[in-house]
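Enquirer: Quick note on full-length UniProt numbering: the sequence shown kicks off at 1 and runs consecutively.
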Amino acid sequence: MMVSEPEKAVSVGSYFRFKGWRKAAWWLLPPFLLIIAFFAVPVPEFDVPYSTVVYDREGELLAARISDDGQWRFPPGGTLPDRYLTALLYFEDKRFMQHRGVDVRAIGRAVQENLHAGRIVSGGSTISMQLARLAETNPPRTLSRKLFESLQALRLENRYSKAEILQLYAAHAPFGGNVVGLEAASWRYFGREAGALSWAEAATLAVLPNAPALMHPGRNREQLQRKRDWLLQQLYEAGHFDALTLQLAQAETLPEVPLPLPQLAPHLLTRILAGGGNGTQRRTTLDAALQRRAAEVVVQHNNTLRANEIHNMAVLIAEVETGRVLAYIGNTPEPEGQRSRGHAVDIIRAPRSTGSMLKPPLYALMLHRGMLLPNTLIPDIPTQVAGYHPQNFSRTYRGAVPAAEVVSRSLNVPSVRMLQDFGLPDFHHYLQELGLTTITRPANHYGLTLILGGAEASLWDVAGMYASLGRHLLQYDARLPAQAPFQARPLRFTDSHRAEPEPTAFPLSHGAVWAMMEAMQNVNRPVGETDWRRFASARRVAWKTGTSFGYRDAWSVGLTPRHVVAVWAGNAGGEGRPGLTGVEAAAPVMFSLFGLLEDSGWFAEPVFSLQPVEVCRISGHRAGPDCSDTVTQAVPLTALETPACPYHQAFHADPETGLRVNSSCFPPENMTRQTQFVLPADRAHFYRANHPGYRPLPPWKPGCEPQESPGMAMALIYPTDGAEIYIPYELDGGRGKTVFEAVHEQGDVRLYWHLNEEFAGSTQGIHQLAVTPEPGRYRLTLVDEHGQQLTRRFTIMGDLRP
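Written out as structure tokens, the structure reads:
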């Protein structure tokens, strides 16, 4: 078949075009395959575990935990110090900044040196190629492996910057033994961070990875020193330092053996590990110098306390304004050669009975609500509420005590009565808002013991609560027409900006917090807490101690405008010890720690959150019309809501005898009007013992006694109205007795006791009556010799057998 000329032309053209494309394909195939091979080579990845490392705010190492594979390998990151970087590049890869992962000139030079020596003396590997090799576990030293590492080096240079490659190398280079990475080596061999290395130390670490097995500082020291000194000589000749520096650097000795890493904050390290921080490095807010000195204080005091079998202590120091923790000592160190006493427990996070630590916030909340003034008298008398019978530390009563003194003297009975007045559910709610995260049970679970240590809180939360109260006072700005509400923010030991839930804000008067601070710096302390004077200094500190039931927990928290210092002392296992009180065991430590801190003055008075009010000097209430001795006092703005003084009474007296009279028995024109401070009989009985100048109202002039009882002449201390009483059996098996007790404002008067209208006995002077009534309901009636009566109802529930 004949082919036409046009068809032949097309066929010939197609042939030549196909042949041209095939020739071009042959030329393009090699680079195409190289590109495929390049991207087929994986970028080296370091899938290795890292040590957990904790630094202070300036970058000083506080503590570290070895990695899961037993290596001291710090996580990569941070800027490499100039001295080490200069030494490393000069020794390992002078043209690192010029090549792209493979240095052809270096390879050529290595080939010549190896041929000339007749053995391998130089590998020509760049830092990027060495990094690729470090990513593998013991790779073979073959030509094919070298080519593969070259491709990997190109891939590394394509992905990372030069600075990132150097950081990866410095973090994964071997330094002998189980030490990996520059930072770990700096601390293990020289006891300091890499940025503080001398030229000699930097040169040592630059040459060490070249042959870590042979150049371990503990052996082959001559070879290691020759390499180091050679590198120092090269750096000198290159103009990096002068001859004197060279001479001093070469005179430095090599490290003998690896040093132990600092363990200044082991419990904080454990806390970070528990929070998911394994294998990370954390820059904290701690001050290493303060942490070290605080630890010395703890050891010093703990050495004394151990003689009393008190083995554990925890300390927190934080900034009030920022909440940053400056010192975190979770427990005392374990003494060498002795068995563990719970020293591994982080007491800072452990919930412990709060003792009296919650009394100041209750006082501030009551001031804010206008329920009292700073010196309002609070009853301090035998008290029983639903079977609960609180007692003061001294086992005595004072009758009536100013509210501020209840805080400073840490009195239990008045505190319980204050909580009862404020309301248990409300106080329970506010404690949660104040940041006490461990108070999770309903209010009724704790009851009124909540104010005396019936709940548990951690030192972390308690210190945070007081820091928040101090911060609220610091944030007061007299120039603003409205102040920000109170917010409780927890302490923090890092400056990370992780999202935290916004705390609930609630109103709390700056004046109330101010009054709380003033009460907390009051110097008075109760019986058993008198040794505080030898710890106090000239600086002003608001502080509170606490002791749990059974002497198991001793607390002391102090506050200044700059710092909060919190101390706990006791036994991690909960064993109580005599003398384990806040003042004796914890307060001395707290004041020693304040001695490490700068004096920061005192809080500025929140002038527009206070107002001057005329106050009765004796009762502490707003002055009433019958108060004769008053003083002007700056009190919270809610002061006008408090009642006027109820204790000053006006009466008429016979000017000759001083006896009380009235218009029914004495000429009005001859009587004089007088006022007197008079407490209810139950309070007056105990108040008189502590205030010898106290006098009851004068007796009535014969024939002037009122027909109706004034209701204050006598009081029944026990039983309380509606009480349910169980009578115990004695050790000999006989039925015991219950002792009723009453007081009368006239000490020598006789009282007559009646049970269900039957005479039970009489008392005079000391009004106590022991009886053994049968189970049942009873009506107790007291009648004094003037005919005044007092009635209470109670129930005898049965007997308590031993």
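Note that beta-carbon positions come from the ideal geometry of N, C-alpha and C, so glycine has one too.
None of the values given here were measured: they were computed from a predicted structure.
Output the distance between the C-alpha atoms of Leu637 and Met366, rounded to the nearest integer angstrom.
Expert: 13 Å
Enquirer: Taking the continuous alpha helix (DSSP H) assigned at Thr245, which residues delimit it?
Expert: Ala243 to Ala251
Enquirer: Rounded to whole angstroms, how far is the Cβ of Ala463 from the Cβ of Val557, which I believe are closer than 8 Å?
Expert: 6 Å
Enquirer: Under 8 Å by Cβ, that's how I've got Gly776 and Ile796 pegged, so tell me the actual separation to the nearest angstrom.
Expert: 6 Å
Enquirer: If you reduce the DSSP assignment to three classes, tell me which class Glu319 lands in.
Expert: strand
Enquirer: Using DSSP's beta-bridge definition, name the partner residues of Gln649.
Expert: Gln676
Enquirer: Flag this pair as yes or no: are the beta carbons of Ala318 and Leu491 separated by less than 8 Å?
Expert: yes
Enquirer: Between the Cα of Thr79 and the Cα atoms of Val325, Phe241, Arg159 and Ile165, which residue gives the shortest distance?
Expert: Ile165
Enquirer: Does the distance from the C-beta atom of Gln768 to that of Glu741 stay below 8 Å?
Expert: The Cβ-Cβ distance between Gln768 and Glu741 falls below 8 Å.
Enquirer: In whole angstroms, give me the CA-to-CA distance for Ala542 and Asp721.
Expert: About 40 Å.
Enquirer: The beta strand (DSSP E) that contains Tyr328, what's its start and end?
Expert: Note, Tyr328: beta strand (DSSP E), Val325 to Ile329.
Enquirer: Quick test of your reading: Ala572 and Arg341, contact by CB under 8 Å. State the CB separation rounded to the nearest angstrom.
Expert: 7 Å
Enquirer: With a threshold of 6 Å on Cβ separation, who are the neighbours of Val513 within its own chain once the five nearest residues in sequence on each side are excluded?
Expert: Ala364, Leu469, His472 and Leu473
Enquirer: Does the segment 289–298 come into contact with the segment 78–94, if we say contact requires no fewer than three beta-carbon pairs (one atom in each stretch) closer than 8 Å?
Expert: no
Enquirer: Would Pro258 be called buried (16 or more neighbouring beta carbons within 10 Å of its own) or exposed?
Expert: buried
Enquirer: Quick one: is Thr791 buried, meaning 16 or more other Cβ sit within 10 Å of its Cβ, or exposed?
Expert: exposed
Enquirer: Label Met671 either buried or exposed according to how many other C-beta atoms from any shown protein chain fall within 10 Å of its C-beta, with 16 as the threshold for buried.
Expert: buried
Enquirer: Can you list the beta strand (DSSP E) stretches of 3 or more residues lying completely in the segment 254–320, in chain order?
Expert: The qualifying runs are 281–283 and 312–319.
Enquirer: Classify Gln487 as helix, strand or coil using the three-state DSSP reduction.
Expert: strand
Enquirer: At the 8 Å Cβ level, is His691 part of the contact set with chain B, yes or no?
Expert: Considering every chain present, this structure includes no chain B. It has just one protein chain.
Enquirer: My assumption, with CB atoms under 8 Å, is that Gly620 sits in contact with Leu373. Please give the rounded CB distance.
Expert: 6 Å
Enquirer: What did DSSP end up calling Val10 once you bin it into helix, strand or coil?
Expert: Its pLDDT being 49, under 50, Val10 is placed unreliably by the model, and the measurement read from it follows with that caveat. In this structure, Val10 counts as helix in the three-state DSSP scheme.
Enquirer: Could you pull the start and end residues of the beta strand (DSSP E) that Trp753 belongs to?
Expert: Arg750 to Leu755
Enquirer: On a CA-only basis, which of Pro75, Val661 and Glu518 is nearest Pro706? Give me that one, please.
Expert: When C-alpha distances from Pro706 are compared across Pro75, Val661 and Glu518, the shortest belongs to Val661.
Enquirer: Counting only the same chain and skipping the five closest in sequence on each side, list residues whose C-beta sits under 8 Å from that of Arg236.
Expert: Here the sequence assigns Tyr to residue 236, which means Arg is not the residue at that position. The residues are Asp242, Ala243, Thr245 and Leu246.
Enquirer: Determine the burial state of residue 811: buried for a count of at least 16 other Cβ atoms within 10 Å of its Cβ, exposed for fewer.
Expert: Residue 811 is absent from the model: the chain starts at 1 and stops at 802.
Enquirer: Can you grab the Cα-Cα spacing for the pair Glu45 / Ala135, in whole Å?
Expert: Each residue's Cα considered, the two are about 6 Å apart.
Enquirer: What is the residue span of the beta strand (DSSP E) that Trp543 lies within?
Expert: Ala542 to Thr547
Enquirer: Going by the DSSP bridge assignment, what does Phe506 pair with across the sheet?
Expert: Phe486
Enquirer: Between Pro680, Val48, Tyr55 and Pro209, which lies nearest to Asp495 when the distance is taken from Cα to Cα?
Expert: Tyr55 is the residue among Pro680, Val48, Tyr55 and Pro209 whose C-alpha sits nearest the C-alpha of Asp495.
Enquirer: Please name the residue, chosen from Ala604, Met465 and Phe493, that lies closest to residue 822 on a Cα-to-Cα basis.
Expert: Residue 822 is absent from the structure shown; the chain starts at 1 and stops at 802.
Enquirer: Where does Arg751 land, buried or exposed, given buried means 16+ other C-beta within 10 angstroms?
Expert: Note that residue 751 corresponds to Leu in the displayed sequence, not to Arg. With 16 or more other Cβ atoms within 10 Å, it is buried.
Enquirer: Taking 8 Å as the threshold (C-beta atoms), are Ser408 and Leu520 in contact?
Expert: According to the sequence displayed, residue 520 carries Met and not Leu. A contact, by the Cβ cut-off of 8 Å.
Enquirer: Could you name the residues of the same chain whose beta carbon sits closer than 6 Å to that of Ile127, not counting the 5 residues immediately before and after it, in chain order?
Expert: The beta carbon of Ile127 lies closer than 6 Å to those of Glu92, Asp93, Phe96 and Tyr169 in the same chain, with the five residues before and after it left out.
Enquirer: Could you check which residue in Gly570, Ile378 and Val345 has the C-alpha nearest to that of Ala585?
Expert: Gly570
Enquirer: How many Å lie between His754 and Pro773 at the Cα?
Expert: For the pair His754 and Pro773, the Cα-to-Cα distance works out to about 12 Å.
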